[in-house]
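One structure is given below, encoded as structure tokens.
There are 2 protein chains.
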Amino acid sequence: MELRLLRTFATVARTGNVSAAALELSTSQPAVTKQLQLLERRVGATLFVRGRQGARLTSAGEALLPDALDLIARAEAFERRAGSVAAGEEGTLSIGFGLSGIELAPQAVALFRSRYPGVTVSLDDMSSAVQYERLLAGTLQVGFVRLPVPAGITHRRLRQDHLALALPAGVDRPGERATSAQVASWLDGRPLVRLRPERGPGLTDQITRLYDELRCRPRVLQEARDLQTVLALVAAGVGAAVVPATAAAIAPGSVELMPLRGKAASWWIGVASVERSVLLDRFVAAAVAAART
Amino acid sequence: MELRLLRTFATVARTGNVSAAALELSTSQPAVTKQLQLLERRVGATLFVRGRQGARLTSAGEALLPDALDLIARAEAFERRAGSVAAGEEGTLSIGFGLSGIELAPQAVALFRSRYPGVTVSLDDMSSAVQYERLLAGTLQVGFVRLPVPAGITHRRLRQDHLALALPAGVDRPGERATSAQVASWLDGRPLVRLRPERGPGLTDQITRLYDELRCRPRVLQEARDLQTVLALVAAGVGAAVVPATAAAIAPGSVELMPLRGKAASWWIGVASVERSVLLDRFVAAAVAAART
DNA sequence: CAGTTCCATAACCACAGGATATGGACAACC
DNA sequence: GGTTGTCCATATCCTGTGGTTATGGAACTG
């Protein structure tokens, strides 16, 4: 049942006149006649009595007209909805973030939601590796990740992050202006709390690369699965830890963060995505704006 | 927004696979691809991420799929409904009847309603002239009328009706086996109650023709607008009346009907219609069946 | 009776949309 | 690492739907 037929059905019913309907539908009168005949064959019943006074609904036509109007209205509603989904005023966006997004993601989401309240946003904490997987599988639209990203994923740089040494307040430490060599010797063999490595390349590799660069080898005293726990252990005096500087956002007050220098100590955080849509572009824009503050 | 596009959208979404959807829709894979591309252009958003693992919904696709499914389901419901309207299992039938149908119409409607309970029947009392008018205008599907019918109206004969003399019980009257001449002389100049003539040719003309045939001229004492009133006046002893024999169905017990003879004294009652539909054919069949009892 | 106003039919034509064949990307498997 | 299979996209061709103009027939109108 093509909607085109129903539209001409409705128009003819309203005008009560094939020619007038043709005019209104900006087509020719024979076209309308043919469409009506086709619809009547499809339906299996005569819908109009044609005569000199125009076209009048039969009882079958009378019975079907309301349903036809309803269907047309719903089709139009669908088109409107499709339009607003395409325009990014409606829809859903599922966003992932890991350690890298721990500070930025909530800010970006808050900004985005204030701009586009019609969009349903779901924000989920997951590792970078899982984000990549789900981005490529299409079950995740956006991720906050450490750059670079694997092939097939596009990204936009947001801000730089640095590794920092997390220490309990009032504990022996390298001086504020300590050289890399001094920091390295301080770290070497020192008992540390570290994040448990995830599947795939992650933050722990980044940290390992820094150790390699500094040529030091701290001793892992304890592992924890999330950054909050690591920081809590640091606060409890279990040991020091090397963490992203953005962790300051969630660090207890008694933990102090001391930036580390070195090539491997700094990297870019970005928003990553695979699909392209207005909604997504807008979220990226919101993330960029949030990163600037 | 053609429903065809939505159907392939739904199928691809369900199978997650363009080729499989093509198979299921019994079309070719490129056709499905083109339809998806067209739909995406119409909607203005990408609905699927295509890859080696098939086609997966984007968030926009996810957002629109339920609406599309709903629209498809409603279109199918419309087709089903159209089918049952065409099959005459559903719909409305508006039926007219005048004096001629006073006995038959209720019987026919009762039979029809018991056969097709899904059909809404409206039964309205109106003169033959009005029935013809409304039949031709399309606002009436069936009428119970005195034959013959005007051009443009088709009919089916149901049963014969006769004029009869309505008299109060126990009153001076022509004998049971009176000749036409005896009846004529009885009628001549006699005070009668008669039905008020309606616009157009009606029962009163039929009666006038009988008087002409019998060469008598009764005196009209009183007119009434409907047959019930005429019979009530007869019962009250106001006078005799010439009425259809079928009026027996609604005559008070104290009124006796005496059949009149003569060419003009008898005529056919039929069902008249203009449109053609299964519903209508079935009603006519029910009327014929009712007339046979 | 000519003119007008309806709708239906006829004949033609353009283009949408389907089919077949092919290409390109990637994964899996010898 | 080549080969093969499995995806989807593209190219080209062609059929059939659905549009157009022109014309016909019927009924009402002046």
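So the protein lines, in turn, are chains A and B.
Going by this note's numbering, the residue at position 62 of the first sequence is 62; the numbering climbs one at a time, nothing skipped.
Going by this note's numbering, the residue at position 244 of the second sequence is 1244; the numbering climbs one at a time, nothing skipped.
From the three backbone atoms N, C-alpha and C, an ideal C-beta is built for every residue, glycine too.
Check	Outcome
Excluding the five sequence neighbours on either side, which residues of its own chain have a C-beta within less than 8 Å of the C-beta of S28(A), listed in chain order?	A22
Can you tell which of H155(A), E2(A), G61(A) has its C-alpha closest to the C-alpha of L135(A)?	H155(A)
My understanding is that V1043(B) touches A82(A), with C-beta atoms under 8 Å, so please give their C-beta distance in whole angstroms.	4 Å
Using DSSP with H/G/I as helix, E/B as strand and the rest coil, what is I102(A)?	coil
Short of 7 Å in beta carbon distance, which residues of its chain neighbour L1158(B), apart from the five on each side in sequence? Order them along the chain.	L1104, I1269, G1270, V1271, A1287, V1288, A1291
Per DSSP, which residues does W1268(B) bridge with? Please list them.	Q1160(B)
To the nearest angstrom, report how far apart R1113(B) and V1119(B) are at their CA atoms.	7 Å
Within 8 Å (strictly less), CB to CB, does L71(A) reach chain B?	yes
Taking a Cβ distance cut-off of 9 Å, strictly less, list which residues of the region 1267 to 1279 of chain B are near chain A, in chain order.	V1274, E1275, R1276, S1277, V1278, L1279
Is the beta carbon of A1245(B) closer than 8 Å to that of G1257(B)?	As written in the sequence, residue 1257(B) is Leu, which differs from the Gly given in the question. Yes. Within cutoff.
Answer with buried or exposed for Q35(A), where buried requires no fewer than 16 other C-beta atoms within 10 angstroms of its C-beta.	buried
DSSP three-state label for L280(A), please.	helix
Just the chain A side, please: which residues come within less than 8 Å of G1044(B) by C-beta, in chain order?	A82, G83, A86, A87
Please name the residue, chosen from S1094(B), T1015(B), G1061(B), that lies closest to Q1037(B) on a Cα-to-Cα basis.	G1061(B)
With 8 Å as the threshold, decide whether the Cβ of M1258(B) is near any Cβ in chain A.	no
For the alpha helix (DSSP H) holding D1205(B), just list the boundary residues, first then last.	1203 to 1214
DSSP state of G61(A), grouped into three classes?	helix
Compute the distance between the beta-carbons of P252(A) and H162(A), then report whether it is under 8 Å.	no
Strictly under 8 Å for the Cβ-Cβ distance: is A31(A) near chain B by that measure?	no
Grouping DSSP H, G and I as helix and E and B as strand, with all else coil, what is V1288(B)?	helix
State the Cα-Cα distance for the pair A13(A) and L71(A), rounded to the nearest angstrom.	15 Å
Can you tell me whether DSSP reads L1025(B) as helix, strand or coil?	coil
Contact between the region 88 to 96 of chain A and the region 1167 to 1180 of chain B: three or more CB pairs below 8 Å?	no
Drop a sphere of 10 angstroms on the beta-carbon of R56(A), count the other beta-carbons inside from all chains shown, and report buried for 16 or more, exposed for fewer.	buried
Please classify V1238(B): does DSSP put it in a helix, a strand, or coil?	coil
Can you tell me which of the three DSSP states V1142(B) falls into?	strand
Using the Cα positions of W1267(B) and F1283(B), report the straight-line distance between them to the nearest angstrom.	22 Å
Quick check on I1250(B): does DSSP put it in helix, strand or coil?	helix
Tell me whether A169(A) sits in a helix, a strand or coil according to DSSP, three-state version.	coil
Taking only beta-carbon positions, decide if Q1091(B) is within less than 8 Å of chain A.	It should be pointed out that residue 1091(B) corresponds to Gly in this sequence rather than to Gln. It does: the Cβ of G1091(B) has a partner Cβ on chain A nearer than 8 Å.
Touching or not, the region 217 to 228 of chain A and the region 144 to 154 of chain A, by the rule of three or more beta carbon pairs under 8 Å?	no
Please return the same chain residues whose Cβ sits closer than 7 Å to the Cβ of P1150(B), not counting the five positions on each side in sequence.	Y1132
With a 10 Å radius around its C-beta and 16 neighbouring C-beta atoms as the bar for buried, classify G101(A) as buried or exposed.	buried
Return the CA-CA distance between A1184(B) and D1226(B), expressed in angstroms with no decimal places.	25 Å
For L1214(B), tell me which candidate among Q1182(B), L1165(B), L1069(B) has the shortest Cα-Cα distance.	Q1182(B)
Considering only DSSP beta bridges, list what L135(A) is partnered with.	L135(A) is not bridged to any residue.
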